[in-house]
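So the sequence shown is residues 145 to 620, counted in my numbering.
One structure is given here, and the rest of the page talks about it.
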Amino acid sequence: MIGLFGVLMSSFSNSLLSESYSDYQMDDLKATKDWGRVKVATQTRWKSNAFSSDGNTGFHSNHRVFSGGQFFSQRGGSENDEGRKYSGLVGANAIAGFRYEQSNHAFSLILGPRLQAVESRKFEKEITSVWDSEAISSYETQLSRFKLAVEGGRGWQRLDSYGFLFNGMANYGQFQIVDTSGFSLALHSLSFKHREESLKPSAWNHDRKEVVGGAIRSSDLLFWENLQFFHYIYREPNHSNDPSQIPTAYEFGHFNYSGIELRSIKFYEGFQFDLSIIRVTGLRKARTAPWTEVIQDTNATLAYASLHASFGLTHWNLSGLFSSKDQNARLDKSSNGFAAPLAEPRVMGGYSSFFLYQSVYFPNDKIFFEFSERKVPGFENKGQRLFGIQFGYDIRNNLRGDIFLNRNSSELGNGIEGILKITHRFDSWPKGFILGSICYAYLNSDRKTILISEPFTQLEGNKEFLRIYLSAGLEF
């Protein structure tokens with residue numbers, strides 16, 4: 145069983161709700177073209193693969209092949225920051241889709257391998273490789289005014305458009321009912337691991353994490369182009385740290401994520417407004433000895449807003465990101481910093497931004513993780529306030545340049561960064577893109593360095609960081 149179907153909710157859409165898709169190698173391009181958003185498509189996996197059967201009965205098949213990679217390198221700061229590092233990822237995935245349609249019924253099967261290799265270096269070089277696969281089956285039927293669908297298997301999943309919640313591989317199942325009037329009902333259940341690993345029985349062992357939930361959706365109505373209310377439950381199943389202990393030591397987590405996503409219709413000369421708000425509540429229990437049980441409760445919020453417009457060849461965006469902080473890190477039973485099950489935001493520069501991912505050493509937990517450093521979410525963090533302006537220009541039909549200026553306030557300190565990003569898109573075979581960026585960040589650090597012992601400390605002072613990010617994706 146792939147988890148449990150746990151939450152029942154309604155949704156508004158024009159078609160079946162699905163968050164599974166194959167062209168995740170193109171996410172950087174999608175985010176560049178859509179103000180940092182990679183929209184969660186309201187369609188089945190068969191449709192998300194751009195497979196079409198034209199409504200004809202009988203057997204249909206198709207295939208797609210993708211490849212891509214990401215690389216970042218950064219340096220700067222003090223030795224304590226551990227900011228000198230690099231990481232590169234190369235991956236490829238291929239899918240073959242098979243579908244049989246007859247009358248009001250349709251069966252679909254999607255299969256394909258997925259390969260990935262990662263090399264990173266912080267202190268020592270580390271190389272990992274992943275041999276994985278996607279396998280998804282679905283059944284759809286039309287009953288009068290209702291369309292029903294059951295889909296399940298293993299595939300890439302995205303649960304929110306701005307990447308603040310979940311984006312990665314998962315074993316999943318979902319059940320959907322869609323009314324022809326536009327109303328729909330959806331159930332979702334995901335089982336996953338934070339670190340990529342080859343497909344083997346351990347993918348379903350006690351280290352797995354679970355997400356169950358659903359969403360209420362509407363599109364092109366009143367003052368919004370897209371609106372989504374969602375609620376998901378993230379669970380860290382109870383598992384033993386040391387089975388030899390009596391009573392057994394354990395660790396357990398249960399968190400509720402509730403939120404809203406909004407993109408307005410265009411107003412006043414083509415402006416649009418984006419909004420994402422997520423609130424998380426829950427707790428984590430751990431016992432390391434028969435007489436010791438530690439309980440940490442969480443009540444945190446993340447908010448993102450953006451006002452953007454395009455005028456001819458130019459693109460303008462004003463945006464801000466806020467996440468709550470834990471006031472007394474590791475000094476009480478509350479952990480009120482925001483963290484997500486498997487976040488991967490691409491707003492405000494995305495992986496090109498040093499301040500968004502803050503890929504340096506932290507004495508407390510981090511909010512977001514690099515693609516090569518994903519971990520279990522930790523809520524003992526000091527939050528973040530990031531404000532920025534973006535200017536984009538279409539140099540040619542397939543060539544675009546973007547400049548980002550972001551101001552940051554976080555546990556790192558207060559600072560400002562500038563990003564220059566160039567994106568080239570290929571529309572002929574093979575379709576795809578290549579992206580390159582450079583980021584310079586200047587930081588006034590609030591951190592203190594302990595000289596001998598407390599209270600002998602000194603402020604670390606001003607710091608500079610340089611970050612280079614490259615990304616590419618191709619479809620053959």
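Each residue gets a CB set at the ideal place from its N, CA and C atoms; glycine is no exception.
The model shown is predicted, which means the values in this text are computed figures rather than measured ones.
Can you tell me where the alpha helix (DSSP H) with residue i in it begins and where it stops?
i	result
ASP171	171 to 177
PHE498	498 to 501
Measure the CB-CB distance between residue i and residue j and report whether it falls below 7 Å.
i	j	result
ILE422	GLY403	yes
TRP460	LEU406	no
ILE566	GLY576	no
HIS452	GLY426	no
SER420	TYR448	yes
LYS607	GLY297	no
GLY227	GLY617	no
GLY134	ALA430	With the chain represented from 145 up to 620, any question about residue 134 goes unanswered, as that position is not in the structure.
THR285	HIS249	yes
ILE560	TYR586	yes
PHE535	ARG551	no
LEU255	ALA293	no
PHE336	ALA484	no
HIS515	LEU343	Looking at the sequence itself, residue 515 is Phe, so the reference to His does not match. Not in contact: PHE515 and LEU343 (Cβ atoms no closer than 7 Å).
GLN528	SER554	yes
LEU486	ASP538	no
PHE210	GLN260	no
With residue i as the anchor, note down where its beta strand (DSSP E) starts and where it stops.
i	result
LEU309	That residue, LEU309, is in no beta strand (DSSP E); it is neither H nor E in DSSP.
SER205	202 to 220
TYR495	Run containing TYR495: none; DSSP gives neither H nor E here.
VAL294	290 to 302
ASP167	Premise fails: ASP167 is in no beta strand (DSSP E) and is neither H nor E.
LYS565	557 to 570
GLU437	436 to 455
TYR505	Per DSSP, TYR505 belongs to no beta strand (DSSP E) and is neither H nor E.
GLN528	528 to 540
SER554	543 to 554
SER467	458 to 467
Counting C-beta neighbours from all protein chains within 10 Å, is the total for residue i 16 or more, i.e. buried, or is it exposed?
i	result
SER164	buried
ILE390	In this prediction, ILE390 has a pLDDT of 49, which is less than 50 and means its spatial position is unreliable; what the coordinates show is noted afterwards. So ILE390 counts as exposed.
PHE499	buried
ILE439	exposed
TYR613	buried
GLY414	exposed
GLU380	buried
THR201	exposed
ASP172	buried
SER288	exposed
HIS332	buried
ILE563	buried
LYS410	exposed
VAL151	With a pLDDT of 31 at VAL151, under the threshold of 50, the modelled position of that residue is not reliable, and no figure is offered here.
ASN541	exposed
GLY545	exposed
ASP571	exposed
PRO257	exposed
GLY358	buried
TYR495	buried
LEU556	buried
LEU462	exposed
ASP276	buried
LYS477	exposed
LEU548	Sequence inspection shows Phe at residue 548; the Leu mentioned does not correspond to that position. PHE548 is buried by the Cβ-count criterion.
Practice prompt. Kindly provide the ranges of any beta strand (DSSP E) runs that are 3 or more residues long and lie completely inside the region 318 to 365, ordered along the chain.
Written response: As far as the region 318 to 365 is concerned, its whole beta strand (DSSP E) runs of at least 3 residues are 327 to 336, 353 to 365.
Worksheet item: Which full runs of the beta strand (DSSP E) of 3+ residues lie inside the region 371 to 426, going along the chain?
Response: Runs found: 394 to 408.
Fill in: 3-residue-minimum beta strand (DSSP E) runs that sit fully inside the region 209 to 279, ordered along the chain
DSSP runs (the beta strand (DSSP E)) wholly in the region 209 to 279: 229 to 246, 249 to 265.
Practice prompt. Say whether the region 233 to 245 touches the region 518 to 536, bearing in mind that this needs 3 or more beta-carbon pairs closer than 8 Å, one atom from each stretch.
Written response: The region 233 to 245, when compared against the region 518 to 536, does not touch it at the 8 Å Cβ threshold.
Discussion item. Can you confirm whether the region 227 to 241 touches the region 205 to 212 when touching is taken to mean that 3 or more C-beta pairs between the two stretches lie within less than 8 Å?
Written reply: Yes: the two stretches touch, three or more of their Cβ pairs being nearer than 8 Å.
Worksheet item: Do the region 506 to 516 and the region 317 to 328 make contact, defined as three or more Cβ pairs closer than 8 Å?
Response: The region 506 to 516, when compared against the region 317 to 328, does not touch it at the 8 Å Cβ threshold.
Worksheet item: When the Cβ atoms of the region 266 to 281 are set against those of the region 301 to 309, are three or more pairs found closer than 8 Å?
Response: The region 266 to 281 makes no contact with the region 301 to 309, as fewer than three CB pairs between them are under 8 Å.
Worksheet item: Below 8 Å, can you find three or more Cβ-Cβ pairs linking the region 477 to 491 to the region 168 to 183?
Response: Flag = yes, the region 477 to 491 and the region 168 to 183 touch.
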